[in-house]
Each structure stands twice: as C-alpha cells, then as structure tokens.
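Written out below as structure tokens is the structure these notes cover.
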Amino acid sequence: MAERVDIFKGVDIGRWEPYKRKIRQLRLPEEAQYKIRDAYKLTQEAHRTQTRLSGEKYFRHLWRTGYSVLYVATKVDTSLDKDLIRDWTISGLGHDWIEDTAAFGRPLPEQPYIEWEDEVEKNIADRFSPRSARSIRALTEPMVNGIDILDADMAKQMQTERLSLGPSEEVLPKMPDRSDNLWTFHPTAEKPTPTGKIKDTEEKLIPIFERVVKDYPKAGNFFMRQIEEAILHLLKRYLK
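Every position in the sequence shown, counted from 1, becomes a number in the working numbering once 10 is added.
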C-alpha cells in the first residue's frame, strides 16, 4: 500500500481535531498554535463554496496538504524547527489564498498584478509570518490581467521560476500539494488521463524538489516517495 494512504488512515479529514492532536503532540508554542488555527479558519471560510472536479470540497485538499506537514513533523523528522513546522503548515493550508480566493482582496482595475501581490504578501506576513507569506506567493500562479501578466504561458513560467529560485524552506509545501493533486486526479472529457500532470511533475517539479531533498533529507525524501508512488499509481490505472 502506498504511504500516502497511510497518512490519512483513520483520520477524520476536514475536521480540526486531527490538527489539534498533532499540534499538542508537537508542543508547539501558543503563538504558533493560534496562527495555525487562524490559517485553518481563514482557509475553511475562503474556500467554503469551492469544489473540485470530483465534487469533493476543495478545502479537503488544502486540509490534507497542511496535515501532511504535521504528520511528517511527528512521524518522519521530529527534529524540525517549530517555527518551520508552523510556517509549512500555514503555507500548506493557505497556498491558494492568493490564486483562488478574495481572502486578501483582489487587484484594482488597471492595477499591475505584481504590485497587488506585493501588498498581499505584506498582509499575509503581518498576520502570519514573512516566511509563510513568501512560500504562499511562490506556490501561486499569477493571474493573467493583460497588464503585466499577459497570458497563461507567462503566468506558468513565472510560477516555475519562483519555485526554481526560491529557498527550499519556502518550496517544500509544494511537495504535499502536488502529491495530493496526483493521488486525487479526476479524469474529464478534456483531460481523460493524467499524462499532462505527470509530465509537468517529472520535467518541472521533481528537479526543483531534488534540491529540497538535499536541504531537508527526511521530510523531502518522504514527500518525494509520496509523489513517486502517486505517479506509479496513475500509470497503472490510466496508462496501462
């Protein structure tokens, strides 16, 4: 059985209690507990009406991404710095705040996207932490506005560059995010197989993740195995 399944075995996905148990187990400082809870509530509300192609509530994807960090901190690498655990968990929960919600507002008409994103990063940093804000921004695909982000190809390239150039401590939350997206792939008429998702992972993301593995061997290797197992699962299921 793939390890990713084991992370959530017997866990009540989408509820606060599993987070609460992990946080207590880690003995995180009171401020860290408050900020994770704040991020949890903000994510739950900001994505309240959103669903995935499968019909699953989108919040459950974000829940799993954040919880994966807490799992690793309690089961895989117990030496992780508590501030790092806090920031990775917040980033895992909030990695789509900028891209998919109005939790921190939306750009004004004719406002350059990057200018607006600078403001949002500062607001997230003030509320949570500078590192979690930088991480969330690195995981965000910029919005095409025809002003400074001209088309989808430009937006995707900017995100890839951010991940490529960003420090490992800001990039790692992308690993459980991508792992979950692979494991929960849902075919559509437009994309009946996961070929594109697998290619994007192998050609663009895994080279970036290999740098994370060097800097955080235990956590990085664990998430890399999750991704590799997910790809094997998809190949067997859809591309026999």
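Even glycine gets a Cβ: it sits at the ideal position worked out from N, Cα and C.
Open item on the list: For R188, tell me which candidate among A240, K32 and I46 has the shortest Cα-Cα distance.
Closed with: If you number the sequence shown from 1, residue 188 lands on position 178. Nearest option by C-alpha distance: A240.
Task: CA-to-CA distance, K201 to D161, given in whole angstroms - done: One-based indexing of the sequence shown puts residue 161 at position 151. One-based indexing of the sequence shown puts residue 201 at position 191. If I take the Cα positions, the gap works out to 21 Å.
Task: DSSP-derived helix/strand/coil call for K67 - done: Position 57 of the sequence shown, counting from 1, holds the residue named residue 67. Three-state result, K67: strand.
TODO: Leaving out five residues on either side along the sequence, give the residues of the same chain with a beta carbon under 7 Å from the beta carbon of Y68.
DONE: As a position in the sequence shown, residue 68 is number 58, starting the count at 1. Contacts found: H57, Q60, T61 and R62.
Open item on the list: Does the region 90-100 come into contact with the region 120-131, if we say contact requires no fewer than three beta-carbon pairs (one atom in each stretch) closer than 8 Å?
Closed with: no
- [ ] Kindly list the residues whose CB is nearer than 8 Å to the CB of L245, restricted to its own chain and excluding five residues on each side of it in sequence; keep chain order.
- [x] Locating residue 245 in the sequence shown gives position 235, where the first residue counts as 1. Answer for L245: I208, listed in chain order.
Open item on the list: Which of the three DSSP states is assigned to A113 in this structure?
Closed with: The sequence position of residue 113 within the sequence shown is 103, counting from 1. Here A113 sits in strand by DSSP.
Open item on the list: Taking its Cβ as the centre, do 16 or more other Cβ atoms sit within 10 Å of H105, making it buried, or is it exposed?
Closed with: Along the sequence shown, one-based indexing puts residue 105 at 95. With 16 or more Cβ atoms within 10 Å of its Cβ, H105 is classed as buried.
Task: Local conformation of T88 per DSSP, three classes - done: As a working mapping, residue 88 is identified with position 78 in the sequence shown. Note: T88 maps to coil in three-state DSSP.
TODO: Take every Cβ of the region 133-146, pair it with every Cβ of the region 206-226, and state whether three or more of those distances are shorter than 8 Å.
DONE: no
Task: Same chain, Cβ closer than 6 Å to L149, five either side skipped, listed in chain order - done: Within the sequence shown, the letter at position 139 stands for residue 149. Excluding residues within five positions, the ones whose Cβ falls inside 6 Å are H105 and K184.
Task: Candidates K51, A49, D16 and S64, of which the one nearest N191 by Cα - done: Numbered from 1 along the sequence shown, position 181 holds the residue referred to as residue 191. Among K51, A49, D16 and S64, the Cα nearest to that of N191 belongs to S64.
Open item on the list: Which residue marks the beginning of the alpha helix (DSSP H) containing Q60, and which one marks its end?
Closed with: Taking the first residue of the sequence shown as 1, we reach residue 60 at position 50. Premise fails: Q60 is in no alpha helix (DSSP H) and is neither H nor E.
Task: Between the CA atoms of R221 and P227 - distance to the nearest angstrom - done: Locating residue 227 in the sequence shown gives position 217, counting from the first residue. Locating residue 221 in the sequence shown gives position 211, counting from the first residue. Straight-line Cα distance between these residues: approximately 10 Å.
Open item on the list: My output table needs one value for Q236: the three-state DSSP class, helix, strand or coil.
Closed with: Residue numbering aside, residue 236 sits at position 226 when the sequence shown is read from its first letter. In this structure, Q236 counts as helix in the three-state DSSP scheme.
Open item on the list: Considering Cα atoms alone, identify which of E109, P117 and R137 is closest to R47.
Closed with: Reading the sequence shown from its first residue, position 37 is the one you call residue 47. Nearest C-alpha to R47: R137.
Open item on the list: Between the alpha carbons of K224 and H196, how many angstroms are there, rounded?
Closed with: Within the sequence shown, the letter at position 214 stands for residue 224. Within the sequence shown, the letter at position 186 stands for residue 196. When rounded, the distance between both Cα atoms is 32 Å.
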